[in-house]
Amino acid sequence: MKNRWNDDHATACGDDPLALRVYSSRLIGQESSLVLHGGGNTSVKATYRDIFSDGHEVLFIKGSGWDLATIETAGFAPVSLEALKRLAALDSLRDSEMVRAQRLALLDPQAPNPSVEAILHALIPFQFVDHSHADAVVTLCNTPDGENEIRSLYGERILFIPYVMPGFDLANSVVSLSRDCDWEKLDGMVLMGHGLFTFANDAKSSYSQMIDLVSQAEERIEAQRGTKTATAADEENRGEIPNLLTLAKIRRDVSKIAGAPFIAKPLLSSSCHRFASQPNAAATATRGPLTPDHVTRTKRIPLIIDDKAENTVEDYLTDYQNYFQTYTDGLLVQLDPAPRWAIWPEVGAVAFAPSLKEAEVIADIVEHTLEAITAAETFGGWAPLPPKEIFDVEYWELQQAKLQKSKTTPPHQGKVVVVSGAASGIGLACAQLLLSEGAVVAALDINPEVENLFTGVNSIGLTCDLTKPDQVNRAVAATVGHFGGIDTVISNAGLFTPSSFIEELEDDHWNNSLEINLTSAMRLIRASIPFLQLGIDPSIIIIGSKNVPAPGPGAAAYSVAKAGLNQLARVATLELASKGIRVNTVHPNAVFDTAIWTDDVLQSRAQHYGLTVEEYKTSNLLKREVTSMDVAQMVSAMAGPIFSRTTGAQVPLDGGTERIV
Ligand SMILES: [Zn+2]
Numbered sequence: 090m091k092n093r094w095n096d097d098h099a100t101a102c103g104d105d106p107l108a109l110r111v112y113s114s115r116l117i118g119q120e121s122s123l124v125l126h127g128g129g130n131t132s133v134k135a136t137y138r139d140i141f142s143d144g145h146e147v148l149f150i151k152g153s154g155w156d157l158a159t160i161e162t163a164g165f166a167p168v169s170l171e172a173l174k175r176l177a178a179l180d181s182l183r184d185s186e187m188v189r190a191q192r193l194a195l196l197d198p199q200a201p202n203p204s205v206e207a208i209l210h211a212l213i214p215f216q217f218v219d220h221s222h223a224d225a226v227v228t229l230c231n232t233p234d235g236e237n238e239i240r241s242l243y244g245e246r247i248l249f250i251p252y253v254m255p256g257f258d259l260a261n262s263v264v265s266l267s268r269d270c271d272w273e274k275l276d277g278m279v280l281m282g283h284g285l286f287t288f289a290n291d292a293k294s295s296y297s298q299m300i301d302l303v304s305q306a307e308e309r310i311e312a313q314r315g316t317k318t319a320t321a322a323d324e325e326n327r328g329e330i331p332n333l334l335t336l337a338k339i340r341r342d343v344s345k346i347a348g349a350p351f352i353a354k355p356l357l358s359s360s361c362h363r364f365a366s367q368p369n370a371a372a373t374a375t376r377g378p379l380t381p382d383h384v385t386r387t388k389r390i391p392l393i394i395d396d397k398a399e400n401t402v403e404d405y406l407t408d409y410q411n412y413f414q415t416y417t418d419g420l421l422v423q424l425d426p427a428p429r430w431a432i433w434p435e436v437g438a439v440a441f442a443p444s445l446k447e448a449e450v451i452a453d454i455v456e457h458t459l460e461a462i463t464a465a466e467t468f469g470g471w472a473p474l475p476p477k478e479i480f481d482v483e484y485w486e487l488q489q490a491k492l493q494k495s496k497t498t499p500p501h502q503g504k505v506v507v508v509s510g511a512a513s514g515i516g517l518a519c520a521q522l523l524l525s526e527g528a529v530v531a532a533l534d535i536n537p538e539v540e541n542l543f544t545g546v547n548s549i550g551l552t553c554d555l556t557k558p559d560q561v562n563r564a565v566a567a568t569v570g571h572f573g574g575i576d577t578v579i580s581n582a583g584l585f586t587p588s589s590f591i592e593e594l595e596d597d598h599w600n601n602s603l604e605i606n607l608t609s610a611m612r613l614i615r616a617s618i619p620f621l622q623l624g625i626d627p628s629i630i631i632i633g634s635k636n637v638p639a640p641g642p643g644a645a646a647y648s649v650a651k652a653g654l655n656q657l658a659r660v661a662t663l664e665l666a667s668k669g670i671r672v673n674t675v676h677p678n679a680v681f682d683t684a685i686w687t688d689d690v691l692q693s694r695a696q697h698y699g700l701t702v703e704e705y706k707t708s709n710l711l712k713r714e715v716t717s718m719d720v721a722q723m724v725s726a727m728a729g730p731i732f733s734r735t736t737g738a739q740v741p742l743d744g745g746t747e748r749i750v
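All you need for the numbering used here is the position in the sequence shown, starting with 1, plus 89.
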């Protein structure tokens, strides 16, 4: 492992210990094989000056909610060192009491909650303390002869601590195990199944000892494994999803037992694929996690996908319930039992989470876990901590306390939405609104600009010509391949053909209108139905037109196509109800903030009726302008629980039209 220390950067911190602490903490945070997504913690003992300039001896310790990769001085909570040492001297302390006592001992009321490992940091008689969950060290721990591996590798350089759950009990156990040790002779401390501590009176030494000890573990693993470097062919050998319907079905079943919609993100990297292609992949991956620290994100074990078995997810649920019943004290509240990842034999892995952001965190943990399992297999087998230890962390009282706090989740969290014509106007507004409300969105448009508009983690922009059936099928497949399924289809793409009376109507305009306003919508719906029927509260939402109930002269091509679309929606309502798919239509009128209504067009239409532009925009019963966002709000309602008992509805969104009411 590379030592990233840079003397110039360190010198720039001056002699401020907290600035140096920030600097070297970030060095650790940059290395994903040391800490992942908020894991690990660091501290420095220093003097805190209060508003009266009085000095207090404190431990600046990483606060919860901060990530070492991006931590700032505000992320270090100043806790009275004396208070922490007094806490350490107690015989027993519940972790919730410890958290409260640590909060009380803060010198800054706005500081984040100090890490649960604060007492342990306070006990270590050095100014700088670094703690990581280094993959290589934990991998060696998780082998059949883990303790001997660690002891023979490091000898007297480290203090060996058998596994104890983080929190007060761990601090307590370090107190008794370190009673007769000479700290000056130690470079670090290995916590079995958990991670590594290093310490020194200067930031550079503490950090460098961390890198040295981890490098030693990495070299040990490499020597055991033999030098097998990945070839370019290996890199390209990614997994391929054999059956998108299986993926959608698994996602539905996982969401069902989670009690909320989950994304299912396929992980097909060459490393996941290689792992999943081993005959013993399912057996090894279900022995337990890399460290108990991961359990709140990944659950203890993954689901194993079996294309042929009907009840894969139900069996997982039964196993989880048995696991809970085995270890609960009878007072605990069972967490949602849904798996957070799966091994798909011969294919790769899948991450399950309510948001794509969380799915990506899980994906990182999975990559590191599979790497560790592969390495441990060369030492005689993957031997993680037993289920009881994992359970205790999963059901830690501090985790249970979090359950009591009510969380508000966005209304469309975890839903997968497809929007056609998403590069502008109503489609763009729908896609943006649903994204802001927690959905993930596949945004389709014939305009390739859509790929630049939707690049965020929660969306994909797909250039798609809806008049080409193979492109439509590809876009639908890409959506499922990316997010695991489809819950909502918003059929919005359409166009206005030039105004013309029937006697002058050109065939091209007529055909074009039918092709885009009607047939293209049918194609998108047709391709989506197999996945929608496996969706979560699935629905189709049609952007219709006021022209359906109230046509106007000179718009035959447009009105006829939209009327046909309306009839398609009605037939779809009848056909799809038994599959649980709702079909609802919104009929907007005069939505002027779209690409077709340029200032010139608006001006000339207003003039045509002898009105100002403002009067023209609000020429409805309510005298209110209708915007794209108003339509998007209606679509959001139709996609959600408000419309869960409604199908076949046609809702006008036009400020009121005399000819319709
Ligand atoms: Zn830790």
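Ideal placement from N, C-alpha and C gives every residue a C-beta, glycine not left out. Everything numeric in this text was worked out from a predicted model, so none of it was measured.
Residue pairing for Gly152: DSSP places it in a beta bridge opposite Pro203.
Here Phe480 is buried, its C-beta having at least 16 other C-beta atoms within 10 Å. The DSSP-derived three-state label of Asn261 is helix.
At a threshold of 8 Å, Leu280 counts as near ligand 1, since its beta carbon sits closer than that to one of the ligand's heavy atoms. A Cβ-Cβ contact shorter than 9 Å links Phe572 with Leu445. According to DSSP, residue pairing for Pro255 in a beta bridge does not occur. Residue environment for Ala490: exposed (fewer than 16 other C-beta atoms within 10 angstroms of its C-beta). With the rule of 3 Cβ pairs closer than 8 Å, the segment 511-520 counts as touching the segment 536-543.
If only uninterrupted beta strand (DSSP E) runs of at least 3 residues are considered, those enclosed by the segment 669-720 are 671-677. If you look at Gly570, you'll find it in the alpha helix (DSSP H) that goes 558-572. Contact between Leu242 and Phe364 fails: their C-beta atoms lie close to 25 Å from each other, not under 8 Å. Contact check between the segment 432-450 and the segment 393-403: three or more CB pairs, one atom from each, fall below 8 Å, which counts as touching. Ala728 and Pro627 have their C-alpha atoms some 8 Å from each other.
Excluding sequence positions up to five before and after Gly328, its CB lies within less than 6 Å of the CB of Leu357, His362, Val436, Gly437, all in the same chain and listed in chain order. The secondary-structure analysis by DSSP pairs Gly277 across a beta bridge with Ile247, Thr287. Not one heavy atom of ligand 1 falls within 8 Å of the beta-carbon of Pro378. Residue burial is scored here from C-beta neighbours: Ala312 has fewer than 16 other C-beta atoms within 10 angstroms and is therefore classed as exposed. The beta carbons of His220 and Asp453 sit about 19 Å from each other, so the pair does not count as a contact at 8 Å. Distance from the Cα of Pro500 is smallest, within the candidate group Glu245, Gly745, Pro350, Ser267, for Pro350. Here Ser169 is not near Leu212, since their CB atoms are 9 Å or more apart.
If the five residues before and after Asp576 are omitted, its C-beta is found closer than 6 Å to the C-beta atoms of Lys504, Val505, Gly624, Ile625, Pro627, all from its own chain and listed in chain order.
For Pro214, the shortest separation between its Cβ and any heavy atom of ligand 1 does not lie below 8 Å.
Collapsing the DSSP output to three states places His222 in coil. The residues Leu176, Val205, Ile208, Gly256, Phe257, in chain order, have a CB closer than 8 Å to that of Met187 in the same chain once the five nearest residues on each side in sequence are set aside. For Glu486, the CB stays at least 8 Å from every heavy atom of ligand 1. Contact between the segment 690-704 and the segment 729-748 is absent: fewer than 3 CB-CB pairs across the two stretches fall below 8 Å. CA-to-CA, the gap between Gly282 and Arg246 works out to about 18 Å. The Cβ atoms of Tyr412 and Arg429 do not sit closer than 9 Å to each other. Buried is the label assigned to Arg309, since at least 16 other Cβ atoms lie within 10 Å of its Cβ. Ala178 and Cys102 have their C-alpha atoms some 35 Å from each other. Taking all protein chains shown into account, Pro214 has fewer than 16 neighbouring C-beta atoms within 10 Å of its C-beta and is therefore exposed. Ser602: member of the alpha helix (DSSP H) spanning 596-602, first to last residue.
9 Å or more divides the Cβ of Gly633 from the Cβ of Val660. With fewer than 16 other beta carbons inside 10 angstroms of its own, Glu703 counts as exposed. DSSP, reduced to helix, strand and coil, places Lys496 outside both helices and strands of the structure shown, so it counts as coil. It is roughly 21 Å from the alpha-carbon of Ser114 to the alpha-carbon of Gln199.
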